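The listed protein sequences derive, respectively, from chains A and B. Numbering of the first sequence is given in the working numbering, commencing with residue 1344 and proceeding in unit increments. Numbering of the second sequence is given in the working numbering, commencing with residue 6 and proceeding in unit increments. Don't be surprised by glycine CBs; every beta carbon is placed ideally from N, CA and C. Quantities reported herein were computed from a predicted structural model and do not represent experimental measurements.
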Amino acid sequence: MAELNTPQTPPLRVELGRDDGVPVIQMAGELDLSTADTARLAMAPALEGSPPRVILDLGGLAFMDSSGIALLVSLTQAETVVEIRKPSRSIRRLLEVTGLTDTFRIVD
Amino acid sequence: MGGPENGLSPTTSDRRRSRRTARLGIVAIVVVGLGLTALITWASSRANENSNAALLKLEVRQVAGTLSAALSSVQSELSDAVNEATATHSDAAFNNFVATRVNPFGFVSESLWQRTPTGAQLVGVAGTQPELILDKQAPAFFSHLQQSGQLQVTKLFPSHPPRIGYADDPPGTSPYIVYAESDLPANHRVVVPANSAFGQLSYALYLGPYATPPTLIASTGPTPIHGLQAQSSVAFGNATLTVVATPRTRLSSTLSGDLPWIVLGAGVFITLASAITLEYVGRRRRHAEELASELHQLHAEQRSIATTLQHALLPESVPDAEGLELAARYLPGADGVEVGGDWYDFVPLSDDRLVFVVGDVSGRGVRAASVMASLRFAGHAFAMEGHPPHEVLERLRSLLDVDTDGYFATVVCGRIDVARHELEIATAGHPPPVLCSAQSSAVLQVSPSTPIGVPSPAAATSTVVPVPAHSTILAYTDGLIERRGETLDESFERLERSAAQSSETVDGLLSSIVSDLTEGSPSDDVALIGIRWLN
């Protein structure tokens, strides 16, 4: 479990785990320009060795902007199937507008 | 693009001034510190001297008092002898009486004299012959005797060893006077044991009120005594005894004596340490300031390079298009140090049509900018060849792969038919344009394909939108609308509201929208274009 906290109310919290051998990245808080780099570093261990499948649990993510989209797109490299779980309505809308609903496997 | 060297010369002179100020501060600290040290050292040294002087005075007074007290035992011895002679009226009895006492009292000579009208006549002697007689001083001495009850002291006899004499001439009816002489120390030198009561003093004893060589009785060292000294005179019979003394060692405590040196050492040390620390801190601060200034300058240079590059990659001016009014904006993000990946482009076609493209390469920096440039120029070429918007996007798609290039781009491409009041539009993951007319202001409903660089399961499609007269189309990058904590739909609503305001020119409308949505300083880069039908 890796946890990245910044002082006071952490704008973004990233937790890594495994579900049946599949890396699970749980994100909570806000994923935007100011936290995207932090998130990228925090999730790097889960992506080592280019696993065929990665689960992104966005259940706790209140807000995401285009920087978050860029981060999600970067996960699709190396033929990794990225499964996005529990995106909020606004995140789902963002994925629609950016034409990425078919790029990810989206699970509620 | 003001040159960064504009700020250089005042910075250098500022630095020089701050260095001068720092140096003045150090000099002031050294001066004040050493001044205070000198003052405190002087004060504590004075205090020590004063306490030494006070202690010395006290000791000298004690010495004088002790000597004076010794005199009373001499006097009582002499008066005992007078009483004995008077009682027995016999010099033989006197002789017997004193014979046992000459030595114990330290007298070398004790003699009995009988009063005569002019003085006194010797009756008997115990011990050695009195110097008073040998020196022929007896007539003068006895003629001055008064029955005062006070011990009468002679001057010093310059014999070897020197002597001093005393006579007791008690009031009353006795016809006798007893006279005694004591040897004084040879060469007037005495040795005081260091552990005796006055062992820490060097002193000289004088007969009379003045410390002059002929009146020296004895001293513990060379006379006259120099340095810190105290003098005290006490009555010695009818004469005066003067003691002059100086301390052999310090009389006050060691701490009191060492204090001035401790103060001096500590003061100088603290002053120098402060000055050195201040100088060190000052140098470090100046160094940091110089670094910060250089960094600031580099930052400004980089900013200016980034802006220059960005503008070089964007169209120099908006083209003229029949029946349309065009305007465009590019704003670097708040940080602005790196080149952004946002772009816009207009492609006027020959047949009364115009293609516009707005795009945004993910990431920043020179590589993102070069990706942006290749996409912009390729897109321009594809549009010139007459391809519809979705075809332009599909062709761009073959130029970029996030998997290998590390970048992807969102792009919106629209083709305007001025005469037919039609817009044909396609997006690749890009936020859709806004169409605003007198009646409404709304984000266009377009079905997007994936961003350029991201594999797409289905080909992009174009949507044809009818455009009312005098409508304006706004295309932009996400830097214009994104706001922290706000959902995409809330952002769209904000944009729609701002776009609905009436404005004389498209340029003026863009200014208002930028100011409404970003408050003048967007955190991310912003590209924004506006296209208005003139009829």
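Asked, Found
"Going by Cα to Cα distance, which pick from Ser508(B), Leu405(B), Arg502(B), Val37(B) is closest to Leu522(B)?", "Arg502(B)"
"Measure from the alpha carbon of Pro437(B) to the alpha carbon of each residue in Arg425(B), His231(B), Val32(B), Ser452(B), then state which is nearest.", "Ser452(B)"
"Could you pull the DSSP bridge partners for Asp1400(A) from this structure?", "Gln1369(A), Arg1428(A)"
"Out of curiosity, what's the CA-to-CA distance linking Arg290(B) and Ser23(B)?", "10 Å"
"For Glu487(B), would you say it is in contact with chain A, using Cβ-to-Cβ distances shorter than 7 Å as the test?", "yes"
"Under 9 Å Cβ-Cβ, which residues of chain A neighbour Pro320(B)?", "Residues of chain A passing the Cβ test: none, with the nearest at roughly 24 Å."
"How close, in whole Å, do the beta carbons of Pro1323(A) and Val1424(A) come, if the pair is a contact with beta carbons under 8 Å?", "Residue 1323(A) lies beyond the residue range present for chain A, which begins at 1344 and ends at 1451; the question has no answer from this structure."
"Quick one: grab the DSSP three-state call for Thr1381(A).", "helix"
"Based on Cα-Cα distance, which residue from Ala464(B), Gly535(B), Val511(B) lies nearest to Val360(B)?", "Gly535(B)"
"Against chain A, does Phe413(B) count as a neighbour if the rule is that its beta carbon must be under 7 Å from one of theirs?", "yes"
"Under the assumption that Leu1404(A) contacts Leu1374(A) (Cβ atoms under 8 Å), give the Cβ distance between them as a whole number of angstroms.", "6 Å"
"Pairs of beta-carbons, one from the segment 291 to 309 of chain B and one from the segment 59 to 77 of chain B, closer than 8 Å: are there three or more?", "no"
"Rounded to whole angstroms, what's the CA-CA distance from Gly232(B) to Leu221(B)? Just pull it up for me.", "19 Å"
"Going by CA-CA distance only, name the one from Asp325(B), Ala339(B), Gly226(B) that's closest to Asp350(B).", "Asp325(B)"
"Kindly indicate the opening and closing residues of the beta strand (DSSP E) around Glu330(B).", "329 to 336"
"Is the Cβ of Thr455(B) closer than 7 Å to any Cβ of chain A?", "yes"
"Counting contacts by CB-CB distance shorter than 7 Å, is Thr492(B) in contact with chain A?", "yes"
"So if DSSP puts Tyr481(B) in a beta bridge, which residue, or which two residues, is it bridged to?", "Leu533(B)"
"What span of residues does the beta strand (DSSP E) with Gly364(B) cover, start to end?", "358 to 366"
"Got a sec, what are the start and stop residues for the beta strand (DSSP E) Pro252(B) sits in?", "244 to 252"
"Taking the alpha carbon of Glu399(B) as the reference point, which residue from Pro252(B), Gly30(B), Ala465(B) has its own alpha carbon closest?", "Ala465(B)"
"How would you write the range of the beta strand (DSSP E) that Asp422(B) sits in, first residue to last?", "414 to 422"
"Could you have a look at Ala433(B) and say whether DSSP puts it in helix, strand or coil?", "strand"
"Check whether the segment 44 to 61 of chain B and the segment 259 to 269 of chain B touch, using three or more Cβ-Cβ pairs below 8 Å as the test.", "yes"
"Where Arg1448(A) and His395(B) are concerned, what is the direct C-alpha to C-alpha distance, given to the nearest angstrom?", "25 Å"
"Asp347(B) touches chain A at which residues, Cβ-Cβ below 7 Å?", "Simply none; closest approach about 11 Å."
"Whole angstroms is fine: what's the gap from Leu319(B)'s alpha carbon to Gly384(B)'s?", "13 Å"
"Using a Cβ-Cβ distance cut-off of 7 Å, determine whether Asp1451(A) contacts chain B.", "no"
"Does DSSP put Glu539(B) in a helix, a strand or coil?", "The residue asked about is misnamed: residue 539(B) is Leu in this sequence, not Glu. Coil."
"Can you pull the DSSP bridge partners for Thr468(B)?", "Ile430(B)"
"Of all the CB atoms in chain B, is at least one closer than 7 Å to the CB of Arg1436(A)?", "yes"
"Report the neighbours of Asp1380(A) on chain B: residues whose CB is nearer than 7 Å to its CB, in chain order.", "Ordered by position in chain B, no residue passes the 7 Å Cβ test against Asp1380(A), which lies about 11 Å from the chain."
"Note the first and the last residue of the continuous beta strand (DSSP E) segment covering Arg499(B).", "Here Arg499(B) belongs to no beta strand (DSSP E); instead the alpha helix (DSSP H) covers 493 to 504."
"In the DSSP assignment, find the beta strand (DSSP E) that holds Gly132(B) and state where it starts and stops.", "125 to 132"
"Quick check on the burial criterion: 16 or more other C-beta atoms within 10 angstroms. Buried or exposed for Leu44(B)?", "exposed"
"Give every residue of the same chain whose Cβ lies closer than 8 Å to the Cβ of Val195(B), excluding the five residues on either side of it in the sequence, and list them in chain order.", "Ala223, Ser224, Thr225"
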